[in-house]
Structures are given as structure tokens and as C-alpha cells.
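*Asks:* Chains as they are written, first to last, in our numbering: chain A, 2 to 112; chain B, 2 to 112.
Using N, Cα and C, we set each Cβ at its ideal position, and we do this for glycine too.
The structure displayed is predicted, hence computed values, not measured ones.
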DNA sequence: GACTCATACATAAGACACTCATGTATAGCA
DNA sequence: TGCTATACATGAGTGTCTTATGTATGAGTC
């Protein structure tokens with residue numbers, strides 16, 4: 002489905018809050034747990050990870066996975082953990098405000 | 002606050018579902034009812050209205066308001082009403098999926 | 001009469017996250 | 001040998017946004 006830009010960072014951070022993971026696995030996890038309603042394209046995923054790393058929210062190193070492949074494994078930094086808390090709060094605030102607008106019925110015509 | 006791109010159209014459509022209104026009033030209504038948590042900049046507002054009009058979701062005509070000013074008053078078309086229903090459903094589905102990802106705790110490491 | 005504020009619309013420049021397409025490489029399996 | 005899944009990467013293009021700037025006028029204030 003079409004998505005709302007700027008919302009993926011929180012999902013990535015949250016996913017990494019459970020422990021280190023590489024990009025492909027993060028993408029798969031988000032797809033799975035959302036029932037495939039949320040899919041993050043590879044062209045969006047890898048730049049996003051670089052971006053979050055550049056912000057200091059993630060740290061990365063190359064490792065070999067259990068299946069014998071090279072993978073770039075990301076971990077949440079302390080800054081990343083703080084950012085996650087902030088972003089989660091912002092998201093909830095946003096949804097609350099959004100819902101309020103959707104549910105408020107005007108007494109009279111809007112002008 | 003920073004916003005999530007692509008989410009405003011629904012708010013505009015919803016606001017117009019209560020009756021015709023001009024851009025400035027729509028913006029004010031969204032700001033008000035959200036407790037100023039959601040503000041739509043004028044540089045985003047007017048292009049968005051044109052966009053929705055071009056899609057056939059809104060119709061517009063110039064009128065003079067009660068306060069004696071020229072204003073471009075927008076109304077929801079039938080297509081717009083259908084679009085609103087679709088967009089609302091999509092938004093709810095998105096938030097649900099999003100919440101599911103945020104709340105799902107993995108049994109084991111994500112890989 | 002001059003000034004300021006709120007109302008009302010408009011647009012251009014630039015930022016930025018996305019989609020889509022394409023590319024590399026390799027493990028595992030039939 | 002060929003196919004699928006895994007794993008990363010990037011470039012071109014798109015579209016919505018922010019920021020800044022501009023026009024114009026009604027209403028109230030000094």
C-alpha cells in the first residue's frame with residue numbers, strides 16, 4: 002500500500018530495540034509482523050539505515066550470518082534508544098491529534 | 002511538529018465533508034481541532050487543494066465571504082466522498098499495521 | 001489619515017524520503 | 001545447470017513538504 006513518508010524510521014528503531022539485526026532481516030520482520038501491510042522497499046531501506054547511522058542512532062559492522070553470508074549488522078546506540086523514545090512519543094501524539102481532527106464535528110459551518 | 006508526508010489529504014477531505022469551506026478556513030479548522038499539534042503551512046495547503054481539485058475530488062468557485070473578502074470555496078465531489086472513505090480506511094489500516102509492528106515482541110533474535 | 005493585524009490566496013526554490021529499476025554476489029536446492 | 005532466496009547497493013525520477021516571499025484588503029487603533 003502507499004505509505005506515509007517519514008514513518009519508517011520508528012519501525013526500524015523499534016525493530017532494532019529487540020537486538021542487532023541486518024537490513025534484510027529488519028525489512029522481513031516489518032513485513033511479517035504487519036501482515037505484509039507495511040513493506041519497505043530495498044531502495045528505501047538501505048539509504049534509511051545509512052541515514053540513521055549517520056545520525057549516530059545506529060552502529061554497524063559487517064558480519065557473517067549463520068547462513069554464511071556477509072551482512073551489515075546494525076545495533077541501536079544509546080542515542081538511538083533515546084531517539085526511539087522521542088519518535089514513539091511523537092508518533093502517538095500525531096495519531097492522537099489526527100484522530101481528534103477526524104472525530105470532531107463542527108457546531109456550525111467551517112469558515 | 003514535523004509531519005508525515007501524504008497524511009494531510011485525508012484531513013482536508015474530512016474537513017470538507019462537513020460542508021464547503023475555503024483554504025484558509027480549512028487550515029484554521031485543522032489547527033484548532035488538533036490543538037495546534039497539526040499545522041498545515043500555506044505553501045503546502047494551496048498546492049494540495051489544487052491537486053485534489055485536479056483529481057476531481059474537489060470542486061471550487063470564487064465567492065465573497067461574509068467578511069467581504071474573495072475566497073476560493075471548495076466542495077467535496079461525489080468522487081471526493083468515495084476517495085475520503087477509501088483514504089480513511091487506508092489510514093486506519095496503516096495505523097493498525099504500524100501498531101502491530103510496534104507491539105510485537107519476537108520470540109527469538111530477528112534474523 | 002496612517003499603521004498594524006488578521007484574512008485570503010499564490011508561487012518559487014530547495015530539501016528529502018520515497019518508488020522503481022537495475023546491478024552484484026552467493027548459498028542452497030532440484 | 002538453473003532457479004530461488006538472501007544480502008547489499010545505487011541512480012533516476014517523483015511528489016509532498018518547508019521556507020520565503022509576494023499581493024491585496026477589511027477592520028480596528030492611535
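One question on the structure: do residue 7 of chain A and residue 5 of chain B come within less than 7 Å of each other, judged by their Cβ atoms?
*Replies:* In this structure, residue 5 of chain B lies closer than 7 Å to residue 7 of chain A by Cβ.
*Asks:* If you reduce the DSSP assignment to three classes, tell me which class residue 91 of chain A lands in.
*Replies:* Residue 91 of chain A falls in the helix class under three-state DSSP.
*Asks:* Name the residues in the region 6-35 of chain A whose C-beta lies less than 9 Å from a C-beta of chain B; which are they?
*Replies:* From the region 6-35 of chain A, only 6, 7, 8, 11, 12, 15, 16, 17, 19, 20, 21, 22, 23, 26, 27, 29, 30, 31, 33, 34, 35 have a Cβ closer than 9 Å to chain B.
*Asks:* Rounded to a whole number of angstroms, what is the C-alpha to C-alpha distance between residue 22 of chain A and residue 98 of chain A?
*Replies:* Roughly 33 Å separates the two Cα atoms.
*Asks:* What are the residues of the region 38-50 of chain A that lie near chain B, defined by any Cβ-Cβ distance shorter than 7 Å?
*Replies:* Flagged, chain order: 38, 39.
*Asks:* Taking all protein chains shown into account, do 16 or more other C-beta atoms lie within 10 angstroms of the C-beta of residue 15 of chain B, making it buried, or fewer, making it exposed?
*Replies:* Classification for residue 15 of chain B: buried.
*Asks:* Under 7 Å between the Cβ atoms of residue 102 of chain B and residue 34 of chain A?
*Replies:* Against a cut-off of 7 Å, the Cβ pair of residue 34 of chain A and residue 102 of chain B comes out as a contact.
*Asks:* Using a cut-off of 8 Å between C-beta atoms, extract the partners of residue 98 of chain B located in chain A.
*Replies:* 35, 36, 38, 39, listed in chain order.
*Asks:* DSSP has residue 71 of chain B in a bridge; who is on the other side?
*Replies:* In the DSSP output, where bridge partners are listed per residue, residue 71 of chain B has B:65.
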